[in-house]
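*Asks:* Dumping the structure here so I can ask a few things about it.
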Amino acid sequence: MYSAYLAGYAPYTNRCGTFKKDEMNIYGISGLGADKRVFERLSLEQNLIPIDWIDPEPNESIESYSNRLKEVIDTSEPFILIGVSFGGLIATEISKILNPELTILISSAETKNELRSIYRGFGKTNLIKLIPNKLFDMPRGFATFMFGTNEKKLLSDILDDTDLKFTKWAINELTNWKNETKLEKVVKINGSKDKLIPPSQSDYLIDGGEHFMVVDKADEISTIINNEIKKYVPQQRLK
Numbered sequence: 027m028y029s030a031y032l033a034g035y036a037p038y039t040n041r042c043g044t045f046k047k048d049e050m051n052i053y054g055i056s057g058l059g060a061d062k063r064v065f066e067r068l069s070l071e072q073n074l075i076p077i078d079w080i081d082p083e084p085n086e087s088i089e090s091y092s093n094r095l096k097e098v099i100d101t102s103e104p105f106i107l108i109g110v111s112f113g114g115l116i117a118t119e120i121s122k123i124l125n126p127e128l129t130i131l132i133s134s135a136e137t138k139n140e141l142r143s144i145y146r147g148f149g150k151t152n153l154i155k156l157i158p159n160k161l162f163d164m165p166r167g168f169a170t171f172m173f174g175t176n177e178k179k180l181l182s183d184i185l186d187d188t189d190l191k192f193t194k195w196a197i198n199e200l201t202n203w204k205n206e207t208k209l210e211k212v213v214k215i216n217g218s219k220d221k222l223i224p225p226s227q228s229d230y231l232i233d234g235g236e237h238f239m240v241v242d243k244a245d246e247i248s249t250i251i252n253n254e255i256k257k258y259v260p261q262q263r264l265k
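Spelled out as structure tokens, the structure:
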């Protein structure tokens, strides 16, 4: 069934090189409104396959959405999940169902208690559903400040391509996230200066890292990911 979700998918090439069939698959889930471009500067030693977002159904929960999105993953072979920002919440929910070899969360959270309390408070008001979609289009100057990046054009291009209906749904699910389950095999990488999801119970704290550090600190993050995969995943599985 997973092939249906990858219709039109071409083997992904990042700085590591070309997709190789004899390497373990790493499925990457990007942040809210973002896409596979956030992974392009990573240099990973295993295959990186970015997962495209699918449209949420009316009033769909993050749990239900994650259960549908997981169909993209080929579970016939061992695999790894990487989630960035909101994608980390999705990766966590999928990991609770599929039990990957390792889940890596970047600029994200593992449980609801790691998110800002103001987010959870706002979620309880149920006001998000009343806000018009167009108001979720973040002014570019403000976005650059909040994401803390010098890659203004890349961020702007990604935001230009964002589906505001999806953004509204995702923000509502983030602010109402209920998960308290901790994963057994997880590595959390956070930035010391992240304004959107401040570091909490991190395994790695990137000095000066902000919310867009998967791009801005790609070399440092790539080294951490490659080393952690070698630690967590038996070498006989890393072909």
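Position one of the sequence shown corresponds to residue 27 (the working numbering), numbered consecutively onward. Backbone N, C-alpha and C fix where the C-beta goes; we use that ideal spot for every residue, glycine too.
(1) Across which residues does DSSP place K214 in a beta bridge pair?
(2) For the beta strand (DSSP E) holding V110, just list the boundary residues, first then last.
(3) To the nearest whole angstrom, what separates the beta carbons of I116 and S92, a pair I think is in contact under 8 Å?
(4) Along the chain, where does the alpha helix (DSSP H) containing N93 start, and where does it finish?
(5) State the DSSP-derived secondary structure class of I247, mapped to helix, strand or coil.
(6) Could you have a look at Q55 and say whether DSSP puts it in helix, strand or coil?
(7) With 16 other CB atoms within 10 Å as the buried threshold, where does A187 fall?
(8) Tell me which residue opens and which closes the beta strand (DSSP E) that I232 is part of.
(9) Between G54 and the rest of its own chain, which residues show a CB-CB distance below 6 Å, the 5 nearest in sequence each way excluded?
(10) With distances taken Cα to Cα, identify the nearest neighbour of I154 among P126, S143, P104 and T201.
(11) Using 8 Å for Cβ pairs, my map puts S268 next to G113. What's the rounded Cβ distance?
(12) Does P82 pass the burial test, meaning 16 or more other C-beta atoms within 10 Å, or should it be called exposed?
(13) Of the choices A244, G217, I223 and L209, whose alpha-carbon is the least far from that of L128?
(14) How many Å lie between R67 and D220 at the Cα?
(15) By DSSP's criteria, R85 is part of a beta bridge. Which residues make up the other side?
(16) Between the region 157-170 and the region 140-149, do at least 3 Cβ pairs fall closer than 8 Å?
(17) Report back the beta-carbon spacing between E136 and V212 to the nearest angstrom; my notes put them in contact at under 8 Å.
(18) For S121, collect the residues of the same chain with a Cβ closer than 7 Å to its Cβ; drop the 5 residues on either side in sequence, then sort them by chain order.
(19) Using a Cβ-Cβ cutoff of less than 8 Å, which residues in the same chain neighbour T249 once the five nearest sequence positions on both sides are dropped?
(20) Would Q227 be called buried (16 or more neighbouring beta carbons within 10 Å of its own) or exposed?
(21) Do you know how far the Cα of L190 is from the Cα of F162?
(22) For D233, I'd like the list of residues in its chain whose CB is within less than 7 Å of its CB, leaving aside the five on either flank, ordered along the chain.
(23) I believe V110 touches V240 by the beta-carbon criterion, under 8 Å. Please report the beta-carbon distance rounded to the nearest angstrom.
*Replies:* Put simply:
(1) Beta-bridge analysis with DSSP links K214 to L131.
(2) Where V110 is concerned, the enclosing beta strand (DSSP E) starts and stops at F105 to V110.
(3) Confirmed, Cβ separation roughly 5 Å.
(4) Element bounds for N93: I88 to L95.
(5) Correct three-state label for I247: helix.
(6) Looking at the sequence itself, residue 55 is Ile, so the reference to Gln does not match. Correct three-state label for I55: strand.
(7) First, the amino acid is wrong: residue 187 is Asp here, not Ala. Flag for D187 reads exposed.
(8) Counting along the chain, the beta strand (DSSP E) containing I232 begins and ends at Y230 to I232.
(9) Excluding positions up to five away in sequence, the list reads F65, L74, P76 and I108.
(10) Of the candidates P126, S143, P104 and T201, the residue whose Cα lies closest to the Cα of I154 is T201.
(11) Only positions 27 to 265 of the chain appear in this structure, which leaves residue 268 out of reach.
(12) Under this definition P82 is a buried residue.
(13) Nearest to L128 by alpha-carbon distance, out of A244, G217, I223 and L209, is L209.
(14) Distance between the alpha carbons of R67 and D220: 19 Å.
(15) Residue identity differs from the one stated: residue 85 is Asn in this sequence, not Arg. Looking at the DSSP output, N85 bridges to nothing.
(16) In short, these stretches do not touch, since the Cβ pair count stays below three.
(17) 6 Å between Cβ atoms; contact.
(18) Taken in chain order, the residues that qualify are L107, T129 and L209.
(19) If the five residues before and after T249 are omitted, its C-beta is found closer than 8 Å to no C-beta atom of its own chain.
(20) Exposed.
(21) Note on geometry: alpha-carbon atoms of F162 and L190 lie some 6 Å from one another.
(22) Listed in chain order, the non-local C-beta contacts of D233 below 7 Å within the same chain comprise S218, local neighbours out to five positions each way being set aside.
(23) Rounded to the nearest angstrom, the Cβ distance from V110 to V240 is 5 Å, consistent with a contact under 8 Å.
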